[in-house]
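If you count by UniProt numbering, then the sequence shown holds residues 1 to 319, one letter each, in order. Working notes, beginning with the structure itself.
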Amino acid sequence: MMRAVQITEFGGPEMLRPVEVSEPTAGPGQVLIDVSRIGVNYADTHQIENSYQTPTELPFVPGSEVVGRTADGRRVAALLTGGGGYAERAVADAALTFPVPDDVDDLTALSMLVQGTTAWILLRKNAHLEAGESVVVHAAAGGVGTIAVQLAKAWGAGRVVATASTDDKRALALGLGADVAVDSRATDMTTALIEANEGRVDVVLDMVGGTTTDQSVAALAPFGRLVFYGMAGREQPRPVELRNLLGHSSTIAGMWLPHLFKLPGNLYGRALTELFDLAGRGEIRAVAGGDYPLSDARGAHEALRSRSTVGKLLLDPAA
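Structure, rendered in structure tokens:
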């Protein structure tokens with residue numbers, strides 16, 4: 001038996017309960033991992049309330065990313081497509097298990113595994129960022145945002161504008177390389193973004209939803225691109241009228257990371273390798289958001305949903 005966190009009915013963070021469950025067994029093409037740290041993502045909060053892109057079946061052990069060691073001692077990070085990460089041991093597909101370099105710690109490995117690769121794909125694949133273009137990063141103090149700010153600067157963005165809700169979060173984004181930080185609670189986000197970008201908004205990375213998305217679309221310059229990859233505010237934006245995109249030759253894109261694995265080649269592996277290399281050289285860094293005991297997964301989810309956190313939240317199965 002092993003310790004895990006499980007839900008048996010859908011709802012909020014209060015549904016996350018520590019339990020004893022049977023240890024998983026690796027089948028053909030799988031790897032058993034003795035987990036040292038577990039990553040917490042916004043997607044996890046949607047899964048436990050059954051509002052994720054794919055339905056959740058009960059009972060369910062959440063968690064899509066872990067770092068730890070295999071039976072033969074290899075240190076690896078792994079993506080878990082069917083959950084099971086909130087536990088002392090987890091089984092992952094060998095194809096989604098990646099070696100972690102010695103100069104990359106657990107926090108950094110997990111920060112890059114989902115949030116880092118998300119930022120990489122948003123900027124490279126969806127936005128097709130070109131040198132000199134302006135980039136708006138909403139929720140810039142969060143897991144994806146902190147990496148996206150750094151990558152945009154490293155890849156030659158002309159101006160990076162971060163949005164965040166508090167002075168401390170805005171200061172963090174500026175410390176990571178953003179050129180200017182805007183209060184995410186601005187009543188007229190369209191004007192705020194245009195002014196912060198000195199008149200031109202080329203790329204917006206948005207995982208907030210609601211009026212933030214609506215007003216960001218309105219701020220786009222001709223041939224501007226908005227990439228929508230989440231809805232942390234849990235508020236739907238207005239439907240986009242295709243004919244309205246003609247007015248500024250705008251592009252509105254969506255991104256869900258699991259679709260990456262349907263592409264030919266190994267774009268995900270390429271992204272992760274580059275991110276580990278950048279982190280190992282100190283050119284980008286992970287931001288710690290809190291290290292919670294596994295038994296307090298509820299507390300981690302409550303903090304994440306309150307949008308009071310920064311960077312990457314972890315669970316410690318040994319605590």
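Here a beta-carbon is modelled for each residue, glycine too, at the ideal position from N, C-alpha and C.
Based on DSSP bridge pairs, tell me the residues matched to residue i.
i, result
"residue 290", "313"
"residue 134", "159"
"residue 93", "30"
"residue 275", "Paired residues: none, contrary to the question."
"residue 223", "BP columns for residue 223 are empty, so no partner."
"residue 179", "Looking at the DSSP assignment, residue 179 forms no beta bridge with any residue, so it has no partner."
"residue 6", "17"
"residue 337", "This structure gives no information on residue 337, because the portion of the chain shown stretches from 1 to 319."
"residue 99", "76"
Rounding to the nearest angstrom, what Cα-Cα distance links residue i and residue j in this structure?
i, j, result
"residue 57", "residue 182", "40 Å"
"residue 193", "residue 219", "7 Å"
"residue 104", "residue 67", "11 Å"
"residue 169", "residue 27", "44 Å"
"residue 284", "residue 271", "14 Å"
"residue 53", "residue 18", "25 Å"
"residue 112", "residue 315", "16 Å"
"residue 4", "residue 310", "25 Å"
"residue 130", "residue 236", "29 Å"
"residue 69", "residue 273", "19 Å"
Below 8 Å on the Cβ atoms is my contact criterion, and I expect residue i with residue j to pass it. Report the Cβ-Cβ distance as a whole number of Å.
i, j, result
"residue 163", "residue 138", "5 Å"
"residue 248", "residue 222", "5 Å"
"residue 94", "residue 61", "Actually they are not in contact, since the Cβ atoms of residue 94 and residue 61 sit about 20 Å apart, beyond 8 Å."
Please list, in chain order, all residues of the same chain as residue i whose beta carbon is under 7 Å from its beta carbon, the five residues on each side excluded.
i, result
"residue 133", "157, 158, 202 and 203"
"residue 268", "117, 260 and 261"
"residue 100", "67, 75, 76, 77 and 109"
"residue 127", "203, 225 and 227"
"residue 280", "101, 103 and 104"
Cβ of residue i within 8 Å of Cβ of residue j?
i, j, result
"residue 289", "residue 257", "no"
"residue 207", "residue 144", "yes"
"residue 98", "residue 48", "no"
"residue 150", "residue 189", "no"
"residue 92", "residue 38", "no"
"residue 122", "residue 255", "yes"
Tell me which same chain residues have a C-beta within less than 6 Å of the C-beta of residue i, skipping the five on either side of it?
i, result
"residue 148", "119, 137 and 205"
"residue 178", "149, 160 and 162"
Whose C-beta lies closer than 8 Å to the C-beta of residue i among residues of the same chain, with five residues either side of it excluded?
i, result
"residue 253", "126, 127, 225, 226, 227 and 228"
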